Amino acid sequence: MGAPGGPGPGRRRAEAMSDATPAAPLIGELLLAREHIRADDLNAALRFQAEQGGRLGAVLLRMGAVTAERLYAGLSDQLGLAWARFDDLDEAALRGGQKALERCAGPLLRLGLLAWLTEAGWQLASADPLDAEVREFAQAQPELQGARWWLMAPDDVQRWVQRLEQGDLVMQALDERALREMAEDAPVIAWVNNLIAQAVESRASDIHLEPGEREFEVRLRIDGQLHTRLALGMDRYPAVASRIKLVAGLDIAERRLPQDGRISTRAAGAEMDVRVSSIPAVYGESIVMRLLPKKRADLSLERLGLRPSQLRQFKRWLGLANGLVLVTGPTGAGKSTTLYSALAATNDQTRKILTVEDPVEFRLPQVIQVQAQPDIGYTFARALRAFLRHDPDIIMVGEIRDRETAEIAIQSALTGHLVLATLHTNDAPSAVTRLVDMGVEPFLVGASLRAVMAQRLV
Numbered sequence: 003m004g005a006p007g008g009p010g011p012g013r014r015r016a017e018a019m020s021d022a023t024p025a026a027p028l029i030g031e032l033l034l035a036r037e038h039i040r041a042d043d044l045n046a047a048l049r050f051q052a053e054q055g056g057r058l059g060a061v062l063l064r065m066g067a068v069t070a071e072r073l074y075a076g077l078s079d080q081l082g083l084a085w086a087r088f089d090d091l092d093e094a095a096l097r098g099g100q101k102a103l104e105r106c107a108g109p110l111l112r113l114g115l116l117a118w119l120t121e122a123g124w125q126l127a128s129a130d131p132l133d134a135e136v137r138e139f140a141q142a143q144p145e146l147q148g149a150r151w152w153l154m155a156p157d158d159v160q161r162w163v164q165r166l167e168q169g170d171l172v173m174q175a176l177d178e179r180a181l182r183e184m185a186e187d188a189p190v191i192a193w194v195n196n197l198i199a200q201a202v203e204s205r206a207s208d209i210h211l212e213p214g215e216r217e218f219e220v221r222l223r224i225d226g227q228l229h230t231r232l233a234l235g236m237d238r239y240p241a242v243a244s245r246i247k248l249v250a251g252l253d254i255a256e257r258r259l260p261q262d263g264r265i266s267t268r269a270a271g272a273e274m275d276v277r278v279s280s281i282p283a284v285y286g287e288s289i290v291m292r293l294l295p296k297k298r299a300d301l302s303l304e305r306l307g308l309r310p311s312q313l314r315q316f317k318r319w320l321g322l323a324n325g326l327v328l329v330t331g332p333t334g335a336g337k338s339t340t341l342y343s344a345l346a347a348t349n350d351q352t353r354k355i356l357t358v359e360d361p362v363e364f365r366l367p368q369v370i371q372v373q374a375q376p377d378i379g380y381t382f383a384r385a386l387r388a389f390l391r392h393d394p395d396i397i398m399v400g401e402i403r404d405r406e407t408a409e410i411a412i413q414s415a416l417t418g419h420l421v422l423a424t425l426h427t428n429d430a431p432s433a434v435t436r437l438v439d440m441g442v443e444p445f446l447v448g449a450s451l452r453a454v455m456a457q458r459l460v
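Just add 2 to wherever you are in the sequence shown, counting from 1, and you've got the numbering used here.
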């Protein structure tokens, strides 16, 4: 952050300053009246400001026409704010403020905003307390409502920011080492392994670890419903969370940003892929583990729970030479399992089958399965374009998410391929509306769509 009088957003800050203190003298006039600058230096600074822009205080400093101490003493009086020098602040108090405001400590330092708590309440120091971005950020933090503001020279602010950041790096290294030691403790390893094994034995699709103020809960999603299995004291949670993050390849020291990872393990006699997602929450990181068996011996249409008439109809759809067949339903309704069972039923070695998924949940023999990787530009749509040159008979799309994917899937269906895909809608009729809302022409939907099956777990 620049000194008061810096370039760029200074206009917005100057307007705010003028509104806040309508009777305050201009800083140039104030310094001149105190004989802290000479009239010719002020005139030269004003000419430079008119030609080059910027704020007067910064111009005077660059010219060497005034010392930082005299400038900030003047600004302090002009703005009606107390002036804090570097030595006026206490490192322990500033670190305490960072810890209390951990969820926004990074942005605080980025904005050059120092915060500490006293018996009188929160105190905030900035080189430019009337900067619009600084004010908006502070006002958005509930704890900082009504805080007392202090003015501080930019060099002093920067010295404190550097000291706090260097200290954070040291503490982060120590913190990470401690977390690794906890994560590699034998009882913690055994507990996490047993948790995954019990979830697999219970036929759970997801494990939820949810931290609270005093306890964290473990909940399993079984047949679409969440069931609480146990609650333990929060003193155990850092070790458990660190163990899961460690084996999933996540940064165990990063607790402020969402992370995603994956674990390959063997649990309850089954080879499993475990997708791990962590998000920062009020009482700690919430972690969800999606359990994906690498192989499924029970991928059978007869085990899906369809009525005999529904099963016969679904099998007729799978026998079509071309067209689009959609399976819809809410998240966790078993749409992917239905499509995998459909592929297993149609995989008679006489047809070429390609799938594009994110992620590949089950491995199927004699099926070419492709993992979409949007982060490198390998999207569903790009994979589908490549599929059309790969002589497929059946194409499975893990999820139609956007217009481009929908249009290419329909193009594939209209050019002699059977396309199976999932779509997020609550019922079958909504699938047509959803495709049209994505931007697909209604006549293309009508020409390609052969069937829609909506499902949910009950």
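All residues carry an ideal CB built from backbone N, CA and C; glycine is no exception. Predicted, not measured: the structure shown is a model, and the values here were computed from it.
Mind reading off the beta-carbon distance from residue i to residue j? Whole number of angstroms is fine, and I expect it under 8 Å.
i, j, result
"Q457", "G325", "Between G325 and Q457 the Cβ distance is about 19 Å, and since that is not below 8 Å, they are no contact."
"A201", "L293", "6 Å"
"D275", "R264", "6 Å"
"W124", "E145", "6 Å"
"L306", "A347", "Not confirmed; about 10 Å, so no contact."
"T424", "L322", "So it is not a contact: roughly 18 Å between Cβ atoms."
"E212", "R221", "7 Å"
"L119", "L110", "Actually they do not touch by this definition, with Cβ atoms about 13 Å apart."
"V163", "T330", "About 52 Å; that fails the 8 Å criterion."
Exposed or buried, which one is residue i when buried takes at least 16 other CB atoms within 10 Å?
i, result
"G286", "buried"
"F445", "exposed"
"I402", "buried"
"K297", "exposed"
"G441", "exposed"
"A25", "Annotation note: pLDDT 47 at A25 (below 50); position unreliable, no value reported."
"G76", "buried"
"K247", "buried"
"R150", "exposed"
"D133", "buried"
"D130", "buried"
"I378", "exposed"
"T381", "buried"
"K99", "Here residue 99 is Gly; the residue named in the question, Lys, does not match the sequence. The residue is buried, with at least 16 neighbouring Cβ atoms inside 10 Å."
"E363", "buried"
"S311", "exposed"
Using DSSP bridges, identify the partner residues of residue i.
i, result
"F218", "P213 and L234"
"H229", "L222"
"E359", "Q373"
"M65", "Looking at the DSSP assignment, M65 forms no beta bridge with any residue, so it has no partner."
"T330", "L425 and A456"
"P1", "One cannot answer for residue 1 here, as it falls past the ends of the chain, which runs 3 to 460."
"V290", "H210 and S279"
"A269", "A272"
"G263", "V278"
"R150", "Q125"
"W85", "L153"
"V399", "V358 and A423"
"Y380", "Q375"
"G325", "L420"
Identify which residue in the options has its Cα closest to the Cα of residue i.
i, options, result
"W152", "P260, V447 and S128", "S128"
"A243", "A270, S279 and I39", "S279"
"I29", "G66, Y74, D42 and E53", "Y74"
"V327", "A449, Q54, I370 and P295", "A449"
"P394", "S78, L113, L356 and K101", "L356"
"V421", "Q413, T427 and H38", "Q413"
"R245", "P131, N195, A102 and L320", "N195"
"D208", "G214, A199, I396 and Y239", "A199"
"E217", "A142, D92, G321 and T230", "T230"
"L452", "A192, S343, F389 and H419", "It is Arg, not Leu, that sits at residue 452 in the sequence shown. Among A192, S343, F389 and H419, the Cα nearest to that of R452 belongs to H419."
"R365", "E406, P295 and T330", "P295"
"D89", "V159, L32 and Q80", "V159"
"Q375", "G400, R391 and L83", "G400"
"P65", "R72, R87, F50 and M154", "The question names Pro, but residue 65 is Met in the sequence shown. For the residues R72, R87, F50 and M154, the minimum Cα distance to M65 belongs to F50."
"R97", "V372, I39 and R165", "R165"
"L388", "A411, L308 and P240", "Rather than Leu, the amino acid found at residue 388 in this sequence is Ala. Per the Cα distances, A411."
Let's see if you can read the secondary structure: which residues bound the beta strand (DSSP E) around residue i?
i, result
"V454", "L451 to A456"
"A117", "L116 to T120"
Between which two residues does the alpha helix (DSSP H) containing residue i stretch?
i, result
"I254", "Premise fails: I254 is in no alpha helix (DSSP H) and is neither H nor E."
"R436", "P431 to M440"
"A201", "A188 to E203"
"G30", "I29 to A35"
"T340", "K337 to T348"
"V284", "From DSSP, V284 is part of no alpha helix (DSSP H); its letter is neither H nor E."
"Q125", "Note, Q125: premise wrong, no alpha helix (DSSP H); beta strand (DSSP E) at G123 to S128."
"R314", "P310 to L320"
"I410", "R405 to L416"
"L96", "E93 to A102"
"Q51", "A41 to Q54"
"R137", "A134 to Q141"
Could you check whether the Cβ of residue i sits closer than 7 Å to any heavy atom belonging to the ligand MG?
i, result
"L322", "Ligands in the displayed structure: none, and consequently the ligand MG is not present."
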